[in-house]
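The next block holds one structure in the form of structure tokens; read it before the comments.
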Amino acid sequence: AQSVTQLDSQVPVFEEAPVELRCNYSSSVSVYLFWYVQYPNQGLQLLLKYLSGSTLVKGINGFEAEFNKSQTSFHLRKPSVHISDTAEYFCAVSVPRGGQGGSEKLVFGKGTKLTVNP
Amino acid sequence: DSGVTQTPKHLITATGQRVTLRCSPRSGDLSVYWYQQSLDQGLQFLIQYYNGEERAKGNILERFSAQQFPDLHSELNLSSLELGDSALYFCASSPRGLAGFGETQYFGPGTRLLVL
């Protein structure tokens, strides 16, 4: 079965500082990887996803993530954060249809709360 | 705004009661997913429907059931409620129900359920 580990439950940073939110996954087959953001009192919104091709994926709001197959990681980065980036960030994995144990569901990590301070 | 609507936004009820949560997917999306978000369990997939048929099942309790209607809206029924069922319940939709192919899921704002 697939699983996702987000190593940091909370990450405080100052405005304009760089940030990296870590995500590691466990799977015996190839997977697709996602980062979602949840702003306070809102639903989840897709930031970016990795399906295939270039391992560096660019998303919305200046975020990017790098897929590292050997490290089974998909860390999210932003070079300079803003107060408005304060939110909870979720890494998720899905198994492509046809792969062993393929399903339509997303498996989410526990989330990382990013707090950007002035 | 994702285009997915959920009602009600908040629900307070007592143990042993039954409630129904409603979800309308984005226009044109055929698949609906239900998730439960709680402090201890995180975000857990419950069940998926595609064009009226159940497609995938996750960690859904037997006390919970769902259906998708011909107009594609979906309802999640929670019965014999317990304190531990207090959580945020999200609905998501996608065009062809192909999260396994990397299809994006669009999430609604959620229904916050409090069981007293």
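Line by line, the protein sequences are chains A and B. Each residue of the first sequence is one higher than the one before, counting from 144 in our numbering. Each residue of the second sequence is one higher than the one before, counting from -11 in our numbering. The C-beta atom is built at its ideal place from N, Cα and C for all residues, glycine as well. This one's a predicted model, so the numbers in the text were calculated from it and none came from an experiment.
If residue i sits next to residue j, beta carbons under 8 Å apart, how far is it from one beta carbon to the other, in whole angstroms?
{"i": "residue 96 of chain B", "j": "residue 80 of chain B", "result": "7 Å"}
{"i": "residue 86 of chain B", "j": "residue 77 of chain B", "result": "With a Cβ gap of about 23 Å, residue 86 of chain B and residue 77 of chain B do not count as contacting."}
{"i": "residue 145 of chain A", "j": "residue 168 of chain A", "result": "7 Å"}
{"i": "residue 15 of chain B", "j": "residue -9 of chain B", "result": "7 Å"}
{"i": "residue 208 of chain A", "j": "residue 193 of chain A", "result": "7 Å"}
{"i": "residue 248 of chain A", "j": "residue 153 of chain A", "result": "Contact doesn't hold; Cβ gap of about 27 Å is too wide."}
Along the chain, where does the beta strand (DSSP E) containing residue i start, and where does it finish?
{"i": "residue 100 of chain B", "result": "99 to 103"}
{"i": "residue 48 of chain B", "result": "Residue 48 of chain B -> no beta strand (DSSP E), and no H or E assigned at all."}
{"i": "residue 10 of chain B", "result": "7 to 12"}
{"i": "residue -7 of chain B", "result": "-7 to -5"}
{"i": "residue -2 of chain B", "result": "-2 to 1"}
{"i": "residue 236 of chain A", "result": "230 to 237"}
{"i": "residue 248 of chain A", "result": "Where residue 248 of chain A is concerned, there is no enclosing beta strand (DSSP E), given that its DSSP letter is neither H nor E."}
{"i": "residue 57 of chain B", "result": "Looking at the DSSP string, residue 57 of chain B is not in any beta strand (DSSP E), and its letter there is neither H nor E."}
Does the beta carbon of residue i come closer than 9 Å to any beta carbon on chain A?
{"i": "residue 1 of chain B", "result": "no"}
{"i": "residue 97 of chain B", "result": "yes"}
{"i": "residue 5 of chain B", "result": "no"}
{"i": "residue 30 of chain B", "result": "yes"}
{"i": "residue 90 of chain B", "result": "yes"}
{"i": "residue -8 of chain B", "result": "yes"}
Under a CB-based cut-off of 9 Å, is residue i close to chain B?
{"i": "residue 211 of chain A", "result": "no"}
{"i": "residue 184 of chain A", "result": "yes"}
{"i": "residue 219 of chain A", "result": "no"}
{"i": "residue 252 of chain A", "result": "yes"}
{"i": "residue 232 of chain A", "result": "no"}
{"i": "residue 199 of chain A", "result": "no"}
Any chance you could list the beta strand (DSSP E) runs of at least 3 consecutive residues sitting entirely within the stretch 145 to 215 of chain A, in chain order? 146 to 148, 153 to 157, 162 to 164, 167 to 169, 175 to 181, 187 to 193, 199 to 201, 207 to 211
Compile a chain-ordered list of the residues in the stretch 56 to 81 of chain B whose CB is closer than 7 Å to at least one CB of chain A. 78
What residues in the stretch 32 to 56 of chain B have a beta carbon less than 7 Å from any beta carbon of chain A? 33, 36, 43, 44, 46
Closer than 8 Å, Cβ to any Cβ of chain B: which residues of the stretch 163 to 176 of chain A, in chain order? 175
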